[in-house]
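Peer 1:
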Amino acid sequence: LIRQKTIADFF
Amino acid sequence: FEAKTSGSDDLKAIISAISTLVEEATFVATAEGITFRGMDPSHVALIDISWPNSAFEKYECDSDIKFGVRIDEFSKLIKRADKKDSIEISISEQNMLLVTVGKNKKYKMRLIESSATDTPLPKIPYDSKITLSSSRFDKILGDVQVVSDYLTIHTSDSKADFSGKGDSGEVVIDLEKDIDEIGEISSKEDSIGTYSLEYLNPVVKAVGTTAGQITCEFSSAKPLRIEFKVANIGRIHFYLAPRVES
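Chains as they are written, first to last, in this note's numbering: chain A, 1 to 11; chain B, 1001 to 1246.
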């Protein structure tokens, strides 16, 4: 499964 | 607060880049210059801009202010400027943005309530770095888009390739060390990251020829950071979250 991460996942 | 640009290209590029992500933008003006930071509604991409006072023909700001604009409205006004026209902005006591385009066009635009919260930047290491001309990068995105909605960037030692895969087929573009177009490829660790062209394409087109060179920095399965080198602007950073297998 491919998922689009968000910028907030890397704060 | 009063700021006057020399020429209109830089402001057009900035507004155009911001317009790919948000409909409303809040700028912060301080004695040092103007900044903007914001994410698109789904929080996949972030733009961080710092435009120093030294880049303006005239710049005055006695106290820090935030001002919010509807980007499409602001964009329409700014597009009325010819390349050489200066654009001067200030804020009236009635909370209107005064925009003087060239010598004689004086617009007033309603400011909006700024709902901006302080957005941090993602804290990430950057293992790999590729510098190339923005026109070359734009062409590569076009080459990939004919088969895929996503761009995969891969570095290994000092080599890099861009690739894309879709239902109809796939493409791999090797970045040969072309001195004219590829400035630098470096990697501390081999890296591979996949990013959505839906976000990449518009911003690269928006900043377009205003940026001569761009630098892509990323690590495996981490956000991509693109720095657009625009002569007078301190910083235009575009962050894009990756697509990852889970």
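All C-beta atoms, glycine included, are put in the ideal place defined by N, C-alpha and C.
Taking 8 Å as the threshold (C-beta atoms), are Ile-2 (chain A) and His-1043 (chain B) in contact?
Peer 2: What you label residue 1043 (chain B) is simply residue 43 of the second sequence in a count that begins at 1. What you label residue 2 (chain A) is simply residue 2 of the first sequence in a count that begins at 1. No, they are not a contact pair.
Peer 1: Can you grab the Cα-Cα spacing for the pair Asp-1010 (chain B) / Pro-1052 (chain B), in whole Å?
Peer 2: Taking the first residue of the second sequence as position 1, residue 1010 (chain B) is located at position 10. Taking the first residue of the second sequence as position 1, residue 1052 (chain B) is located at position 52. Using only the alpha carbons, I get a separation of about 12 Å.
Peer 1: Are the beta-carbon atoms of Ile-1214 (chain B) and Glu-1227 (chain B) separated by less than 8 Å?
Peer 2: Along the second sequence, one-based indexing puts residue 1214 (chain B) at 214. Along the second sequence, one-based indexing puts residue 1227 (chain B) at 227. Their beta carbons are under 8 Å apart, which means Ile-1214 (chain B) touches Glu-1227 (chain B) by this criterion.
Peer 1: What number of angstroms, rounded off, separates the C-alpha of Leu-1046 (chain B) from the C-alpha of Ala-1025 (chain B)?
Peer 2: On the second sequence, residue 1046 (chain B) is found 46 positions in, with the first residue counted as 1. On the second sequence, residue 1025 (chain B) is found 25 positions in, with the first residue counted as 1. Between Leu-1046 (chain B) and Ala-1025 (chain B), the C-alpha separation is close to 12 Å.
Peer 1: Quick one: list the residues of chain A neighbouring Tyr-1239 (chain B), beta-carbon separation under 9 Å, in chain order.
Peer 2: Walking along the second sequence from the start, residue 1239 (chain B) turns up at place 239. Chain A residues near Tyr-1239 (chain B): Ile-7 and Phe-10.
Peer 1: Below 9 Å on C-beta distance, what does Glu-1245 (chain B) contact in chain A?
Peer 2: Here residue 1245 (chain B) refers to the residue found at position 245 when the second sequence is read from its first residue. The contacting residues are Leu-1, Ile-2 and Arg-3.
Peer 1: Just to make sure I have the definition right: I need the residues of chain A whose C-beta is within less than 9 Å of the C-beta of Val-1044 (chain B). Which are they?
Peer 2: In the second sequence, counting from the first residue as 1, residue 1044 (chain B) sits at position 44. In chain order: Gln-4, Lys-5, Thr-6 and Ile-7.
Peer 1: Verify the CB distance criterion: does Lys-1159 (chain B) have a CB-CB separation below 8 Å to chain A?
Peer 2: Within the second sequence, the letter at position 159 stands for residue 1159 (chain B). No, because no Cβ of chain A sits closer than 8 Å to the Cβ of Lys-1159 (chain B).
Peer 1: Between the Cα of Val-1203 (chain B) and those of B:Glu-1002, B:Thr-1005, B:Ala-1013 and B:Asn-1104, spot the shortest distance and give me the residue it belongs to.
Peer 2: Start at 1 with the first residue of the second sequence, and residue 1203 (chain B) comes out as number 203. Among B:Glu-1002, B:Thr-1005, B:Ala-1013 and B:Asn-1104, the Cα nearest to that of Val-1203 (chain B) is on B:Ala-1013.
Peer 1: Taking 8 Å as the threshold (beta carbon to beta carbon), is Lys-1123 (chain B) in contact with chain A?
Peer 2: For the purposes of this step, residue 1123 (chain B) is taken as residue 123 along the second sequence, with counting starting at 1. So, interface residue.
Peer 1: Since Lys-1165 (chain B) meets chain A, which of its residues come closer than 8 Å, beta carbon to beta carbon?
Peer 2: Mapped onto the second sequence, residue 1165 (chain B) falls at position 165. What Lys-1165 (chain B) touches in chain A: nothing, since even the nearest Cβ is about 11 Å away.
Peer 1: Cβ of Met-1039 (chain B) less than 8 Å from any chain A Cβ?
Peer 2: Your numbering for residue 1039 (chain B) matches position 39 in the second sequence. Yes, because at least one Cβ of chain A sits closer than 8 Å to the Cβ of Met-1039 (chain B).
Peer 1: So which of B:Phe-1162, B:Thr-1100 and B:Ser-1158 has the shortest CA-CA distance to Asp-1082 (chain B)?
Peer 2: Counting from one through the second sequence, the residue named residue 1082 (chain B) turns up at place 82. The shortest Cα separation from Asp-1082 (chain B) among B:Phe-1162, B:Thr-1100 and B:Ser-1158 belongs to B:Thr-1100.
Peer 1: Where does Thr-1005 (chain B) land, buried or exposed, given buried means 16+ other C-beta within 10 angstroms?
Peer 2: Position 5 of the second sequence, counted from the start, is the residue given in the question as residue 1005 (chain B). Under this definition Thr-1005 (chain B) is a buried residue.
Peer 1: Could you name the residues of chain A that Lys-1222 (chain B) contacts, counting a contact when the two beta carbons are closer than 8 Å?
Peer 2: Position 222 of the second sequence holds residue 1222 (chain B). Ordered by position in chain A, the residues that pass the 8 Å Cβ test against Lys-1222 (chain B) are Phe-10.
Peer 1: With distances taken between CB atoms, is the gap from Ser-1187 (chain B) to Lys-1165 (chain B) smaller than 8 Å?
Peer 2: Along the second sequence, read from residue 1 onward, the residue named residue 1187 (chain B) stands at position 187. Along the second sequence, read from residue 1 onward, the residue named residue 1165 (chain B) stands at position 165. Not closer than 8 Å, so no.
Peer 1: For Asp-1048 (chain B), which residues in the same chain have their Cβ closer than 6 Å to its Cβ, ignoring the five residues on either side in sequence?
Peer 2: Stepping through the second sequence from its first residue, residue 1048 (chain B) is reached at position 48. Same-chain partners within the cutoff: Arg-1037 and His-1237.
Peer 1: Tell me which same chain residues have a C-beta within less than 7 Å of the C-beta of Leu-1200 (chain B), skipping the five on either side of it?
Peer 2: Residue mapping note: residue 1200 (chain B) aligns to position 200 of the second sequence, counting from 1. Leu-1141, Leu-1151 and Leu-1240, listed in sequence order.
Peer 1: Identify, in the order they occur along the chain, each residue of the same chain with its Cβ nearer than 6 Å to the Cβ of Ser-1114 (chain B), setting aside the five sequence neighbours on each side.
Peer 2: Here residue 1114 (chain B) refers to the residue found at position 114 of the second sequence. Cβ neighbours of Ser-1114 (chain B) beyond the five flanking positions: Thr-1026, Lys-1066 and Gly-1068.
Peer 1: For Ser-1219 (chain B), decide whether its Cβ has a neighbour in chain A, counting only Cβ atoms nearer than 8 Å.
Peer 2: Counting from one through the second sequence, the residue named residue 1219 (chain B) turns up at place 219. Answer no: the Cβ-Cβ gap between Ser-1219 (chain B) and chain A never drops below 8 Å.
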